[in-house]
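A.B. asks: Each residue of the sequence shown is one higher than the one before, counting from 1 in our numbering. Note that the Cβ used here is the ideal one computed from N, Cα and C, for glycine as well. Below is a structure I'd like to ask you about.
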Amino acid sequence: MCHVDPNVSFVNPYTNIFMNANYARPLRDDDLVEDFFVKVLHFDYRENPRIIRKIVTSEKMLKDFKEEENTMVSTKHRDRDYVDDLKRWKLRKQIINELFTLKRPANEEEVILGAGGTLPSVEVKKERTAFILIGPPASGKSTVANVIAEREGAIILDTDYAKRKLPEFEYECGASLVRDESDRIMFGFGKNNPLHLSGVADLALENEYNIVVPKVGRTPEDLINIAAFFKGAGYKVHLTLISLKRREATIRALNRFNHTKRYVPLGYVFDQVGNDPILTYYLLKEKRAALFDSFGAITTDIGVGEQPQCIDLSGNNPAGWYEKNEERFI
């Protein structure tokens, strides 16, 4: 049995990254958004001109969001059925239990309070193996994570599942309201924890479950800390890059917003994340290879209906499950 120190939680390094952020490319009026579409992305928005106004509205809401009003610490925007702290802690306990005991539905939109978890449809394997996926938003990490989870009997540690169970997720700007709380549900509450709850990640490690962890991977330091944490728990650690250049990732994030209302700031995707996950992958492979048991890179820059391709492989990595294309670098 793997014993996890209850005073040490696996901290998500991306907590609050959207909160009160001043992006390198503010998109807070129609002219700025149109210029970004036309001059930078070379994106034709004329089939859906209202998307410009939707982005401006979302950007302004994020700018006005106050970190101290998030649902983890403030009652201001909490659902009235779960406004007081005791009811809130009981809600968190219920969500952790559901995430850790229920199977993941084929459609993640079906994950709601009372239904859907993070377990694969197959039996969970207790092999102490961690699969870390890195790549920009909208690159296809969730799709690859699902494939790994089913083939390797792994639980997926993705805060999006926790967000969907919090009632405020459906609010305008709801993803920002519940970001901190969902992160703690998944990765632990630390000492501010009257019910002494373990996060989903801690429970998975205590039970030696195989796990999949989708991350962005903006900096090598974040991944070094995560890999060292898992190594310290006796896990094998595999790193897989989901490679997609920043223009394509930004356009996909835009299209996803248009269909699902899930807004990730386009300036964050294009300017702050950019192609950094690709650089992070190759830096770690070159300078911190001992931390990982395998490396692999998959490109999702492919045509409609085509499968991702493996563009780099060292060791027994999930990237090896895909057709190899030695002519591509990213």
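(1) Would you check if the region 151 to 166 and the region 176 to 183 touch, i.e. whether three or more CB-CB distances between them fall below 8 Å?
(2) Can you tell me where the alpha helix (DSSP H) with S182 in it begins and where it stops?
(3) Find out if the Cβ-Cβ distance for the pair T250, L266 is shorter than 8 Å.
(4) For M19, which three-state DSSP category applies?
(5) Between the region 131 to 142 and the region 262 to 279, can you find at least three pairs of beta-carbon atoms closer than 8 Å?
(6) Ordered along the chain, which non-local residues of its own chain (more than five positions away) have a Cβ less than 7 Å from that of S58?
(7) Specify whether the region 92 to 104 and the region 183 to 191 touch according to this definition: at least 3 beta carbon pairs, one from each stretch, less than 8 Å apart.
(8) Look at the alpha carbon of Q307 and the alpha carbon of P220, and state the distance between them as a whole number of angstroms.
(9) Secondary structure at T57, three-state DSSP: helix, strand or coil?
(10) By DSSP, does T240 sit in helix, in strand, or in coil?
(11) DSSP state of V8, grouped into three classes?
(12) Would you list, in sequence order, the uninterrupted beta strand (DSSP E) runs of no fewer than 3 residues that lie entirely inside the region 115 to 140?
(13) Do you know offhand how far N20's Cα is from L157's?
(14) Please check the pair E172 and M61, which I expect to be a contact at CB under 8 Å, by giving their CB distance rounded to whole angstroms.
(15) Start and end of the alpha helix (DSSP H) containing G232?
(16) Can you check which of these residues, E127, Y282, R246 and F292, is closest to Q272 by C-alpha distance?
(17) Taking the alpha carbon of E123 as the point to measure from, which residue in E152, E248, S142 and I298 has its own alpha carbon closest?
(18) On a Cα-Cα basis, can you pick out the residue from V38, I298, H42 and D84 that is closest to W321?
(19) What three-state label does DSSP hand S338 in the structure shown?
(20) Which whole-angstrom value is the C-beta distance of N210 and T300, which I expect to be below 8 Å?
(21) Tell me the start and end of each unbroken beta strand (DSSP E) in the region 55 to 109 that is at least 3 residues and wholly inside, in chain order.
(22) Quick check on D301: does DSSP put it in helix, strand or coil?
(23) If you drop the 5 nearest sequence neighbours on each side, which residues of the same chain put their C-beta closer than 7 Å to that of Y45?
(24) Jot down the residue ranges of each uninterrupted beta strand (DSSP E) in the region 236 to 300, minimum 3 residues, whole runs only, in chain order.
(25) Let me know the secondary structure DSSP gives P167 once reduced to three states.
(26) Could you tell me whether the Cβ atoms of D293 and K215 are closer together than 8 Å?
(27) State buried or exposed for F329, treating a residue as buried only when at least 16 other CB atoms are found within 10 Å of its CB.
(28) Would L291 and A227 be called neighbours here (beta carbons separated by less than 8 Å)?
(29) G174 to E168, Cα distance in whole Å?
C.D. replies: The short version:
(1) yes
(2) Position 182 of the sequence shown, counting from 1, holds the residue named residue 182. It spans R179 to F187 - the alpha helix (DSSP H) in which S182 sits, taken as one unbroken run.
(3) One-based indexing of the sequence shown puts residue 250 at position 250. One-based indexing of the sequence shown puts residue 266 at position 266. A contact, by the Cβ cut-off of 8 Å.
(4) Taking the sequence shown and counting its residues from 1, one reaches residue 19 at position 19. Only weak support exists for where M19 lies, its pLDDT of 43 falling under 50; the value from the coordinates is given anyway. Residue state, collapsed to three classes: coil.
(5) yes
(6) Sequence index remark: in the sequence shown, residue 58 carries index 58 (1-based). Same-chain partners within the cutoff: Y263.
(7) In short, these stretches touch, since the Cβ pair count reaches three.
(8) On the sequence shown, position 307 is the one that residue 307 refers to. On the sequence shown, position 220 is the one that residue 220 refers to. Their backbone Cα atoms lie some 28 Å apart in a straight line.
(9) The count along the sequence shown starts at 1 and reaches residue 57 at position 57. Helix.
(10) Position 240 of the sequence shown, counted from the start, is the residue given in the question as residue 240. T240 falls in the strand class under three-state DSSP.
(11) By 1-based counting over the sequence shown, the position of residue 8 is 8. Residue placement at V8 cannot be trusted, given a pLDDT of 45 that sits under 50; the coordinates are not used to answer.
(12) Correct list: 129 to 134.
(13) Indexing the sequence shown from 1 puts residue 20 at position 20. Indexing the sequence shown from 1 puts residue 157 at position 157. For N20, the pLDDT reaches just 45, beneath the cut-off of 50, and the residue's location in the model is therefore unreliable, although a value from the coordinates is still provided. If you take the alpha carbons of N20 and L157, they lie about 25 Å apart.
(14) If you number the sequence shown from 1, residue 172 lands on position 172. If you number the sequence shown from 1, residue 61 lands on position 61. 6 Å between Cβ atoms; contact.
(15) Position 232 of the sequence shown, counted from the first residue, corresponds to residue 232. Run containing G232: P220 to G232, per the alpha helix (DSSP H) assignment.
(16) Here residue 272 corresponds to residue number 272 of the sequence shown, with the count starting at 1. Closest by C-alpha distance to Q272, out of E127, Y282, R246 and F292, is R246.
(17) Numbered from its first residue, the sequence shown carries residue 123 at position 123. Closest option to E123, Cα to Cα, is E152.
(18) Taking the sequence shown and counting its residues from 1, the one referred to as residue 321 is at position 321. Cα-wise, what sits closest to W321 is I298.
(19) The chain is shown only over 1 to 330; residue 338 falls outside these bounds and no answer can be derived.
(20) Counted from its first residue, the sequence shown places residue 210 at position 210. Counted from its first residue, the sequence shown places residue 300 at position 300. Wrong, their Cβ atoms sit about 23 Å apart, outside the cutoff.
(21) none
(22) What you label residue 301 is simply residue 301 of the sequence shown in a count that begins at 1. Coil at D301, not helix or strand.
(23) On the sequence shown, residue 45 is found 45 positions in, with the first residue counted as 1. So the list reads F37, I51 and I52, once near-sequence residues are dropped.
(24) 236 to 243 and 294 to 299
(25) Translated into positions along the sequence shown, residue 167 becomes position 167. In this structure, P167 counts as helix in the three-state DSSP scheme.
(26) Looking up residue 293 in the sequence shown gives position 293. Looking up residue 215 in the sequence shown gives position 215. No, the Cβ-Cβ distance between D293 and K215 is not below 8 Å.
(27) Indexing the sequence shown from 1 puts residue 329 at position 329. F329 should be labelled exposed.
(28) Within the sequence shown, residue 291 is the residue found at index 291, counting from 1. Within the sequence shown, residue 227 is the residue found at index 227, counting from 1. Yes. Within cutoff.
(29) Position 174 of the sequence shown holds residue 174. Position 168 of the sequence shown holds residue 168. About 5 Å.
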